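A short worksheet on the structure shown next.
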Amino acid sequence: MPPRRPLPALRMLLAALCAAALLTPATRGQVARQPVRARRAIVASSSAFASQVGVEILRRGGNAVDAAVAVGLALAVTFPVAGNLGGGGFMLIRMADGRMAAIDYRETAPAAARRDMYLDADGNHRLEKSTLGYAAVGVPGTVAGFDLALRKYGRLKWAQVVAPARRLAREGFPVSYALAQGLRIAQRLAGDPESRRIFHRDGDYYAEGEIFRQPDLAATLERLEKRGSREFYEGETARRIAAAMRANGGFITLDDLKRYRPVEREPLRGTYRGYDIATFPPPSSGGIILLNVLNQLEGDDLAALGPGSSEASHLLIEALRRAFADRAALMGDPDFTTMPVETLISKEYAKERRATIDLRRATPSATVRAGMEAPASESEKVSEKAETTHYAIVDADGNLVTNTYTLNGPYGSGVTVPGTGVLLNNEMDDFAAKPGSLNAFQLIQGEANAIAPGKRPLSSMTPTIVFKDGKPWLALGSPGGPTIISTVIQTLINVIDHNMSLQQAIDAPRLHHQWMPDVVMWEPYGLSPDTRRALEAKGHRLEATPRYNGDVEAVLIDATGARLGASDPRNPDARAIGY
Ligand code: DON
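Under our numbering, the residue at position 135 of the sequence shown is numbered 1257, and the numbers go up by one with no gaps.
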């Protein structure tokens, strides 16, 4: 007997009631995309292939950390613009039993690094030196960081989480339109013979739909799979990296590789409107700025001002301006620099900073200084610890991982170590090559972030976990250099203050300010002409060419325990996949 169906009119009424119940107040009356929903687990990453790898690991009994390592390795294959073995990053973990970890596998400056290594004879910073080629590379931390995370918090064996990436590299995967275009326009890949051979096929560029196989990278992953993570730092891969460095004017030696260690740090903690926040500590500036800006904004009724309004935008810009002035003067590797972190993330300090915001006028950045004196620099001291894209995962047990890692620039320094398929980072440009001069992100940075052997460059990566009513709720992060921080802040404000769904919060247009240059960056169609006029009337300078910022990948556990996940439409290859 066929199942009984309600009458058509009743069906329509039921459908309307269900739809109304599903919509949050902010979505009512609007056409809005909703997050992906799943009962058990979700992986949201910048590449659908990598998200799928994560889901398979979870289905086979792995936890969120196992999946995070497998996804990270898979991204090195399918999202080579940023996914990597030859870079570094930050993994924030919250286990269902309450343990938390901030795994810092940021690159370090090689032992031969000197504070003036990227200056010319006249003492000027040569940006191409700190961004392109072997000399721009920091000692990679990704493989060691993943190994540490897996050993301490994972369930599966190293070989089990490496295998899917090795298979993707060996068997290949279809090139997307975005990847085909991205590879083709990456000029820095053309400048290195090995990168040109692998990624540009010596001028016979990959077209959409072609299968991209990476046999050298597959062989490297197979060595890692069989011999363990130390292979990268002491085995054949290490020897090949050191040889390529010697042959091409790089600084990293076998000894640098052997001495690299990831560091497990305490997450930074704060609150925003009753929500608890755990975020990444230094050497990221991201967590400090995130908490400081949210603290500055907490006293204002952003919901009443309205999303995208000129008043709310003004407050955000001014809070960012002040926080980035602090970044420039005060922040660097905590193992080398003393930083007033507790003060910077305190409610009292934010109140003082907020009190200097003029509601009617933009404060010119030239008049905004850090809120306190920089401590005496210790950056020449070699520390005791001198050996030194975003994705989010929730598993069936409620373990959460949120990981941002990077090659820094697109395809890093542009160089691939011959015979390994491993692209190398250009993270050295995240240091202040010359305190006070601009880096590739137009960031001015200070003495606290000067180059020194074994030191980690200051970062903006901001993997963050938010707790609602004391329970883990939302895990998110983004790429985008300094815009990472404003991107994560705006996503949180959209969800918490403006009651948007996670997907709407990510889709919504963003703006950015970083103290210097004194301009507001905004996205295409992101500010209405009258909002722009209102901001300009306050004295803000809006950047002439709007461009898109970030690629937020996020997961959320709602009050019923359902898993929600969302990917950023700014990256057409990104996908949140659940089961
Ligand atoms: O650590 C940092 O802040 C930078 N190396 C991140 C670079 C980045 O996000 C590039 N992506 N657009």
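For glycine and all other residues, C-beta sits at the position ideal for the given N, C-alpha and C. Keep in mind it's a predicted model, so treat the numbers as computed, not measured.
Nearest residue (CA-CA) to residue i, options the options
i, options, result
"residue 1445", "1417, 1425, 1433", "1417"
"residue 1389", "1187, 1221, 1643, 1195", "1221"
"residue 1581", "1566, 1464, 1537, 1590", "1566"
"residue 1468", "1207, 1438, 1414, 1563", "1414"
"residue 1511", "1158, 1204, 1293, 1696", "1204"
"residue 1359", "1392, 1395, 1323, 1544", "1544"
"residue 1366", "1296, 1288, 1546, 1479", "1546"
"residue 1480", "1340, 1317, 1436", "1436"
"residue 1462", "1371, 1216, 1403", "1403"
"residue 1574", "1162, 1675, 1240, 1331", "1240"
"residue 1513", "1692, 1524, 1644", "1524"
"residue 1163", "1634, 1597, 1452", "1597"
"residue 1579", "1235, 1364, 1636, 1614", "1235"
"residue 1454", "1570, 1637, 1180", "1570"
"residue 1535", "1244, 1316, 1383, 1657", "1316"
Which residues DSSP lists as bridging residue i, in chain order
i, result
"residue 1598", "1586"
"residue 1333", "1296"
"residue 1397", "1394"
"residue 1230", "1261"
"residue 1222", "1216"
"residue 1454", "BP columns for residue 1454 are empty, so no partner."
"residue 1635", "DSSP output for residue 1635 lists no bridge partner at all."
Per-residue burial, residue i [other beta carbons within 10 Å of its own, 16 or more giving buried]
i, result
"residue 1648", "buried"
"residue 1150", "For residue 1150, the predicted model reports a pLDDT of 42, less than 50, meaning its position is unreliable; a value from the coordinates is still stated below. So residue 1150 counts as exposed."
"residue 1503", "Confidence at residue 1503 is low in this model, with a pLDDT of 34, below 50, so its placement is unreliable and the value that follows should be read with caution. So residue 1503 ends up on the exposed side."
"residue 1333", "exposed"
"residue 1100", "As displayed, the chain neither begins before 1123 nor continues past 1701, which places residue 1100 out of reach and without an answer."
"residue 1564", "exposed"
"residue 1246", "exposed"
"residue 1143", "In this prediction, residue 1143 scores a pLDDT of 40, lower than 50, which makes its location untrustworthy; the coordinate-derived value is nonetheless stated afterwards. Classification of residue 1143: exposed, given that the 10 Å Cβ count is below 16."
"residue 1627", "buried"
"residue 1505", "Per-residue confidence for residue 1505 stands at a pLDDT of 31, beneath the threshold of 50, marking its modelled position as unreliable; the derived number appears in the next sentence. Buried, since its Cβ has 16 or more Cβ neighbours within 10 Å."
"residue 1694", "exposed"
"residue 1348", "exposed"
"residue 1250", "exposed"
"residue 1167", "buried"
"residue 1650", "exposed"
"residue 1331", "exposed"
"residue 1690", "buried"
Residue i vs residue j beta-carbon contact at 7 Å
i, j, result
"residue 1063", "residue 1214", "Nothing about residue 1063 can be read from this structure; the chain reaches only from 1123 to 1701."
"residue 1224", "residue 1361", "no"
"residue 1493", "residue 1482", "no"
"residue 1191", "residue 1272", "yes"
"residue 1681", "residue 1625", "no"
"residue 1264", "residue 1209", "yes"
"residue 1686", "residue 1594", "no"
"residue 1619", "residue 1425", "yes"
"residue 1490", "residue 1372", "no"
"residue 1427", "residue 1441", "no"
"residue 1411", "residue 1607", "yes"
"residue 1229", "residue 1193", "no"
"residue 1287", "residue 1187", "no"
"residue 1443", "residue 1487", "yes"
"residue 1277", "residue 1370", "no"
"residue 1530", "residue 1548", "yes"
"residue 1177", "residue 1196", "no"
"residue 1697", "residue 1173", "yes"
"residue 1165", "residue 1699", "yes"
"residue 1701", "residue 1340", "no"
"residue 1641", "residue 1439", "no"
field: Segments assigned alpha helix (DSSP H), at least 4 residues, entirely inside the stretch 1469-1544
entry: Secondary structure within the stretch 1469-1544: the alpha helix (DSSP H) runs of 4 or more consecutive residues, fully enclosed, are 1469-1477 (chain order).
- request: Would you mind listing the beta strand (DSSP E) stretches within the stretch 1144-1215 that are 3+ residues and don't spill past its ends, in chain order?
  value: Listed in chain order, they are 1158-1160, 1164-1167.
- prompt: For the stretch 1354-1438, which segments carrying the beta strand (DSSP E) assignment without a break, of at least 3 residues, lie completely within its bounds, in sequence order?
  reply: The DSSP assignment places 1385-1387, 1390-1394, 1397-1401 as complete runs of the beta strand (DSSP E) inside the stretch 1354-1438, in order along the chain (cut-off: 3 residues).
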